[in-house]
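Enquirer: Residue numbers (my numbering): 1 to 147. Note that beta-carbon positions come from the ideal geometry of N, C-alpha and C, so glycine has one too. Just so you know, these numbers come straight off a predicted model, no measurement behind them.
(1) Let me know the secondary structure DSSP gives residue 140 once reduced to three states.
(2) Classify residue 151 as helix, strand or coil using the three-state DSSP reduction.
(3) When the distance is taken between beta carbons, is residue 80 closer than 9 Å to residue 135?
(4) Within the segment 81-134, note down every full beta strand (DSSP E) run reaching 3 residues or more, in order along the chain.
(5) Could you pull out every unbroken beta strand (DSSP E) segment of at least 3 residues lying fully inside the segment 16-72, listed in chain order?
(6) To the nearest angstrom, report how far apart residue 63 and residue 3 are at their CA atoms.
(7) What do you reckon, are the CB atoms on residue 117 and residue 21 nearer than 9 Å?
(8) Expressed to the nearest angstrom, what Euclidean distance is found between the alpha-carbon atoms of residue 68 and residue 13?
(9) Determine the closest residue to residue 18 out of 57, 8, 86, 47, with distance taken between C-alpha atoms.
(10) Per DSSP, what are the beta-bridge partners of residue 78 in this structure?
(11) Please state whether the Cβ-Cβ distance between residue 5 and residue 83 is less than 9 Å.
(12) Would the beta-carbon of residue 77 fall within 9 Å of that of residue 38?
(13) Round the Cβ separation of residue 49 and residue 140 to the nearest angstrom and send it over; I've been treating them as touching at under 8 Å.
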């Protein structure tokens, strides 16, 4: 639907991204993004418009990324991004640009976690996902960095 890798493909890419970060001695970050109130959007605008929004969000967000960064549809209205050579502050700047590019008058929430490459990818995803849910619990339409 979105033209992005799916969760399975992204999970296969993540160990390679981690290995690059470890080899280069550079940090990497994971961001999880979720379109706020997407179910409500689907209910009021219809599934066809919801699908269009997913496609437009994917295209807009991809345009904000650097070469080598990997954006994937993680499931439903949730997306995951692997940001190579990217410490937490730079990751926050990129994600804020992505959030600002969200189309259709819709907002999104994001959670970010960063690692030097030594952390297990599953643990990094878990931290980013926890940060995403903190962003949603704090009122949505924001980015939270996981620690």
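Expert: Let me spell this out:
(1) coil
(2) As shown, the chain starts at 1 and ends at 147. That puts residue 151 outside it, with no answer to give.
(3) no
(4) 108-115
(5) The segment 16-72 contains these whole beta strand (DSSP E) runs: 28-35.
(6) 13 Å
(7) yes
(8) 11 Å
(9) 86
(10) 34, 75
(11) no
(12) Their beta carbons are under 9 Å apart, which means residue 77 touches residue 38 by this criterion.
(13) The Cβ separation is near 20 Å, so there is no contact.
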